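**Student:** The structure is given below, and queries will be raised subsequently.
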Ligand SMILES: [Zn+2]
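In our numbering, the protein residues as written are 1 to 424.
Here is the structure:
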């Protein structure tokens, strides 16, 4: 039954968004992140929400609706690989307890729109406190009920009890509803059981927490949470369902444990050491380092909205993470673009680009992190990440040249997702 509904909903997307009319975009400059090149005066032909042809010498088909971006730089839709669109945006996690599950996900609707209008046409939403709310939001966007980015979602946090992804900070006799501790697991077999449940629920990725966290009460980012046995069980079980694992990890040992277990990406990677960098390179593990959000944590600290214990956890970690980002870039580790959106306000994700350039990337590398690399990490290079025939017609455009001034990506002026224009 569920499978039938999924197929029906997939078909429904087509009927809502399909265009009978062909669209042709005139792109003055087109960034091709696959080749790391800029192409001048390109025509992009779009039909049924997908790119049909791209090139300099092709003519706009007769009768096509022409969108003139000939004075702009055109890029593939941006991808943020670490967001919390479905719930987040509150510095104090316990505030989740003041909302029903429905209130939480409905409150996410304006945030989803902000993400899309900022140019992020795809996100990997890596964890919700209220389990499965992210699946509901993903499907509502796909059906056209809600405007937002295409979402790949985790369903819940796989975490030890009382760990980085748990709802903590209450008195020990407070009983949580099922959905606030759905992903808790305390042995390799419990980890497998939770992943089996999430796979059945229809998630796109598994998110687990290898070490403690900064933004969790009673947690220590320097402590190890899951054991190597539990991490290996997670990667193995996820693979059985065709799913990749994203591992939150701050502590150096927890990062290395997760890389050795075979996760697809390390989230944060704050205290990664030289051995961890070498291991990431050897295993082809992506580092998804949220090097901008320190600005927001510190800003919240100044205005009194950040819980005090979080500021203690965070002390000095922000700058260490940025220096380690520089080392990883220099070593040639695969890097993706992930901001932890929700820690910072939604829609300002692109501010991280300037920090990525400040800490060692070329502007093209920073763009690749949020396009071709991100698509590769998601396992969906066939449909997103560049402007190529057959992929979803996800397009953003900016005035100016992001290869000269990466900051122009903070002011995206045109957004198309799957052939539909959301900002012009
Ligand atoms: Zn996060």
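Cβ coordinates follow ideal geometry from the N, Cα and C atoms, glycine included.
As the structure is a prediction and not an experimental result, all values here were calculated from the model.
When DSSP builds the beta bridges, which residues end up paired with residue 225?
**Tutor:** DSSP, once it has assigned bridges, lists no residue as partnering residue 225.
**Student:** With a 10 Å radius around its C-beta and 16 neighbouring C-beta atoms as the bar for buried, classify residue 66 as buried or exposed.
**Tutor:** exposed
**Student:** If you measure from the CB of residue 254, is any heavy atom of ligand 1 nearer than 7 Å?
**Tutor:** Remark: the shortest separation between the CB of residue 254 and any heavy atom of ligand 1 does not fall under 7 Å.
**Student:** Which term fits residue 100, buried or exposed, when burial requires 16 or more other beta carbons within 10 angstroms of its beta carbon?
**Tutor:** exposed
**Student:** For residue 241, which three-state DSSP category applies?
**Tutor:** coil
**Student:** Near residue 5, what residues of its chain come up, given a Cβ to Cβ distance below 7 Å and the 5 sequence neighbours on each side ignored?
**Tutor:** Its pLDDT being 43, under 50, residue 5 is placed unreliably by the model, and nothing is read from it.
**Student:** Residues in the same chain with beta-carbon distance under 6 Å from residue 83, minus the five sequence neighbours each way, listed in chain order, please.
**Tutor:** 123, 125, 341
**Student:** Going by the CB atoms, is the gap between residue 352 and residue 339 shorter than 8 Å?
**Tutor:** yes
**Student:** Using the three-state DSSP reduction, which class does residue 44 fall into: helix, strand or coil?
**Tutor:** strand
**Student:** Hey, would you say residue 24 sits closer than 8 Å to residue 38, going by beta carbons?
**Tutor:** no
**Student:** Please classify residue 259: is it buried, with 16 or more other beta-carbons within 10 angstroms of its beta-carbon, or exposed?
**Tutor:** buried
**Student:** Grab the span of the beta strand (DSSP E) containing residue 265 for me, first residue to last.
**Tutor:** Note, residue 265: beta strand (DSSP E), 265-268.
**Student:** Quick check on the DSSP output: the alpha helix (DSSP H) that includes residue 351 runs from which residue to which?
**Tutor:** 351-358
**Student:** Any chance you could list the beta strand (DSSP E) runs of at least 3 consecutive residues sitting entirely within the stretch 260-317, in chain order?
**Tutor:** 265-268, 286-288
**Student:** Take the Cβ of residue 395 as the centre, count every other Cβ of all protein chains shown within 10 Å, and call the residue buried at 16 or more, exposed below.
**Tutor:** buried
**Student:** Kindly list the residues whose CB is nearer than 6 Å to the CB of residue 261, restricted to its own chain and excluding five residues on each side of it in sequence; keep chain order.
**Tutor:** 231, 232, 235
**Student:** Could you tell me whether any non-hydrogen atom of ligand 1 is closer than 7 Å to the CB of residue 313?
**Tutor:** No, the beta carbon of residue 313 sits no closer than 7 Å to any heavy atom of ligand 1.
**Student:** Just tell me which of 28, 36, 162 has its CA closest to the CA of residue 366.
**Tutor:** 36
**Student:** Judging by CA-CA distance, which residue of 159, 105, 121 is the nearest neighbour of residue 135?
**Tutor:** 105
**Student:** Looking at residue 50: is its Cβ nearer than 8 Å to the Cβ of residue 392?
**Tutor:** Yes, the Cβ-Cβ distance between residue 50 and residue 392 is below 8 Å.
**Student:** Is any non-hydrogen atom of ligand 1 found closer than 7 Å to the C-beta of residue 340, if you look at the structure I gave you?
**Tutor:** For ligand 1, at least one heavy atom lies less than 7 Å from the Cβ of residue 340.
**Student:** Here's the rule I'm using: 16 or more other beta-carbon atoms within 10 Å means buried, otherwise exposed. How should residue 161 be labelled?
**Tutor:** Result: exposed.
**Student:** DSSP state of residue 406, grouped into three classes?
**Tutor:** Correct three-state label for residue 406: helix.
**Student:** Measuring only from the beta carbon, is residue 126 closer than 7 Å to any heavy atom that is part of ligand 1?
**Tutor:** yes
**Student:** Taking 8 Å as the threshold (C-beta atoms), are residue 256 and residue 332 in contact?
**Tutor:** no
**Student:** Excluding five sequence neighbours on each side, which residues of the same chain lie with their C-beta closer than 8 Å to the C-beta of residue 17?
**Tutor:** Legend: pLDDT at residue 17 = 42, less than 50; position of this residue unreliable, no value from coordinates given.
**Student:** Could you check the C-alpha separation between residue 266 and residue 246 for me, to the nearest Å?
**Tutor:** 6 Å
**Student:** Hey, quick one: how far does the alpha helix (DSSP H) through residue 195 stretch, first residue to last?
**Tutor:** 188-201
**Student:** Can you give me the C-alpha to C-alpha distance between residue 311 and residue 34, rounded to a whole angstrom?
**Tutor:** 39 Å
**Student:** Which term fits residue 184, buried or exposed, when burial requires 16 or more other beta carbons within 10 angstroms of its beta carbon?
**Tutor:** buried
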